[in-house]
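Be aware that the sequence shown starts at 98, since it is given in my numbering, and climbs by one per residue.
C-beta atoms are modelled at their ideal positions from N, C-alpha and C, and glycine is treated no differently.
This report refers to the structure that appears directly beneath it.
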Amino acid sequence: CEGVDTKVVLHFHLRHPIMVGKKAHKDIQVYTEAVDSTVNLDSVRRRSHYDPDEIMEEQQDKKLRKRLNQAFKEFSSKVSKVAARNQQTLEFDVPYKELGFFGTPNKEMVFLQPTTCALLNVTDQPAFVVPTDDIEHIHFERVNPNGRNFDLKIIVKSNMAPNTPISDPLSINMIEQRYLNQIMGWLMDSSITYTQTDKTWNWKAVLSLVKEDERFYLDTDENGAKKPAGWAFLKMQDSDGEEEEEDDGESEFNASSVDEDDDETEESFAEDDESEEEEEDESDQEESGEDWDDLEKRAAEDDREKNKRDAVFEMEGEPRSKRRKG
């Protein structure tokens, strides 16, 4: 019980279930609360960091945690000695809190911690305990450098046993990306194989193919041809996907270059069309200029003819007026 933990837990994960009441259970635990999990907000509302009562309570909580931890440690030591006298092997394991990470093995986000012999969370219910001896392989799904979370699949050895129904691997979802290297380091120290991909798998189909392959752990098939040994085929599938993405990138590049060439040709055609239009406009302007000169000439000729007619009319009309006066 350290930090923000509120209780000391002694958890037993059994190989075979036992009856408790009317139900069979494989996980049995006893615990005691080191501090009250409920807090009276009215009593601490006006407290400060320098409140002597609060400082005293913190000191009492630390002493109580230390005393309970020591009591549970002495109890586990006595039980181990009794088991040894009866020629039984029983060891108590303590989780490594500094290697813990948050994930969702069931419906809620919990803090999971590895130990020497297991990966577990026993402070929340239902308890999640996976012994390392039962782990066949670990696979990381949805691993993306730009992603925020990934999923962890635990393939247990019971899934590989012959004449057993195929079931999905155990899952721990929504693990933050910053825990990836930390988990990989623990797996390497525990000699557990792992692979990673940026996709998800249909695990029932994968496990069905694995169980049918008698040469699964060999690097050659029945005809002697090379093949990935064991779970390495999951990694090979991921690399194939990366090659396909690279090919897609090259094709996109080529397509873009072709589009650029098309754009250049279209621009050249557009420039030619514009030059032709400009020449036509200039020619039209020239033609329109010649027509305007002709119009001016015609207008001047019309004016001259009109003046002549007026002059003729005046010369013919003057004698007539004189004749009327006389």
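Helix, strand or coil at residue i according to DSSP, with G and I counted as helix
i, result
"ARG312", "coil"
"VAL191", "coil"
"SER174", "helix"
"GLU357", "With a pLDDT of 49 at GLU357, under the threshold of 50, the predicted position of this residue should be treated as unreliable, though the coordinate-derived value follows. If DSSP states are grouped into helix, strand and coil, GLU357 belongs with the helices."
"ASP231", "helix"
"LYS104", "strand"
"MET153", "helix"
"GLU340", "Because the pLDDT at GLU340 is just 45, under 50, the model does not fix this residue reliably, and the value given afterwards should be weighed accordingly. It is helical."
"GLY200", "strand"
"MET257", "helix"
"SER305", "helix"
"LYS323", "strand"
"GLN184", "coil"
"GLN222", "coil"
"GLU130", "strand"
Residue i at chain D interface by Cβ criterion, 8 Å
i, result
"GLU205", "No chain D appears in the structure shown, which is made up of a single protein chain."
Assigned exposure category for residue i - 16 Cβ within 10 Å defines buried
i, result
"LEU209", "buried"
"VAL117", "exposed"
"LYS254", "exposed"
"ILE252", "buried"
"LEU306", "exposed"
"THR129", "exposed"
"GLU357", "Model confidence at GLU357 stands at a pLDDT of 49, short of 50, so the residue's coordinates are unreliable; what they give is reported in the following sentence. It is exposed - the Cβ of GLU357 has fewer than 16 other Cβ atoms within 10 Å."
"PHE247", "buried"
"ASP150", "exposed"
Whole-Å CB distance - residue i paired with residue j, under 8 Å assumed
i, j, result
"TYR314", "ALA326", "6 Å"
"GLU238", "MET257", "Between MET257 and GLU238 the Cβ distance is about 19 Å, and since that is not below 8 Å, they are no contact."
"TRP328", "THR294", "Actually they do not touch by this definition, with Cβ atoms about 11 Å apart."
"PRO192", "LEU217", "7 Å"
Residues bridged to residue i (per DSSP)
i, result
"PRO211", "LEU216"
"LEU249", "PHE237, ILE269"
"ALA121", "MET116"
Check whether the segment 183 to 196 touches the segment 247 to 266, counting contact only when three or more Cβ pairs, one atom from each stretch, lie closer than 8 Å. No: fewer than three Cβ pairs fall under 8 Å.
Is there contact here, the segment 219 to 227 with the segment 272 to 288, by at least three beta-carbon pairs under 8 Å? The segment 219 to 227 vs the segment 272 to 288: no contact.
Spell out a yes or no on whether the segment 156 to 167 and the segment 190 to 205 are touching, meaning 3 or more CB-CB pairs, one atom from each, closer than 8 Å. Contact between the segment 156 to 167 and the segment 190 to 205 is absent, because fewer than three Cβ pairs lie under 8 Å.
Three or more beta-carbon pairs under 8 Å between the segment 278 to 292 and the segment 306 to 325, yes or no? Output reads no: the segment 306 to 325 does not touch the segment 278 to 292.
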